[in-house]
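Trainee: So the sequence shown is residues 1 to 187, counted in my numbering. C-beta atoms are modelled at their ideal positions from N, C-alpha and C, and glycine is treated no differently. I have a structure here, written as structure tokens, and I will follow up with some questions on it.
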Amino acid sequence: MQFSLELESATPKGALEGGFYWKLANFGVNPCQWAPGSCATLGDMFDLTLPLTIGEPGIKLFAGLHFYLGDMDGFYWQYDFHDVVDTENVVSLKKGTPNPNGSFNSLYTFEGDFAHLELDKFYDFHMGEGVIPPQAKLEVDDEIILRIFHFNDLHHELRTLHNKKGETHRFSQMVKIVKDAKANAAG
């Protein structure tokens, strides 16, 4: 379900001077169709990431608001960061044609120069012509299978920095990540 949030500027008690804060003024169900870069996302710690547009054509930004729990006067979001969206290196979602003899009923592919994308940057994301991704409609006890296919030449190219291990190959860690997630869910 998608919600619309209306935020208004606020100054919580005990807040840092010079900080920017917003509180929830109103919310409701959002009936519009989602499109890439058009919606805010709420993270697992209630942090918000918002797409922004400014007066200059072609310039896109994302801003992050950190969840801030006030003393006795409620909760707020505090300005955390903003970053320019890279509009030169576009990532696109396209609808593919699944194998009629296979077990998939739909297939989507990403297009972009993934070997050179940095994992800590925002990139412009486009939907291919006529692509409307399926809405998530999981009911209790429903099961969904997500298969991710990758080419071996990317196996050692997609890397992230680990705070203890340094540069880490992302796909090489997938088996361990999935195994740990299953173990945590079971236990």
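Give the list of continuous beta strand (DSSP E) stretches no shorter than 3 residues that lie fully inside the segment 34-72.
Mentor: Counting whole runs of 3 or more residues, the segment 34-72 contains the beta strand (DSSP E) stretches 48-53, 60-69.
Trainee: Please state the DSSP three-state secondary structure of Lys182.
Mentor: Three-state result, Lys182: helix.
Trainee: Let me know the secondary structure DSSP gives Ala115 once reduced to three states.
Mentor: Note: Ala115 maps to helix in three-state DSSP.
Trainee: Along the chain, where does the beta strand (DSSP E) containing Glu8 start, and where does it finish?
Mentor: Start and end: 3-10.
Trainee: What separation, rounded to the nearest whole angstrom, lies between the Cα atoms of Thr97 and Tyr108?
Mentor: Thr97 and Tyr108: Cα-Cα distance of roughly 8 Å.
Trainee: Helix, strand or coil for Val175? Go by DSSP, reduced to three states.
Mentor: If DSSP states are grouped into helix, strand and coil, Val175 belongs with the helices.
Trainee: Taking Gly28 and Ser4 to be in contact with their CB atoms under 8 Å, please state how far apart those CB atoms are, rounded to whole angstroms.
Mentor: So it is a contact: roughly 5 Å between Cβ atoms.
Trainee: So, is Pro12 buried or exposed, given that buried needs 16 or more other C-beta atoms within 10 angstroms?
Mentor: Classification for Pro12: buried.
Trainee: Which of the three DSSP states, helix, strand or coil, is assigned to Phe122?
Mentor: Phe122: coil per DSSP, three-state reduction.
Trainee: Tell me whether the segment 80-87 and the segment 121-128 touch, counting them as touching only if at least three CB pairs, one residue from each stretch, are closer than 8 Å.
Mentor: Result yes; three or more Cβ-Cβ pairs closer than 8 Å.
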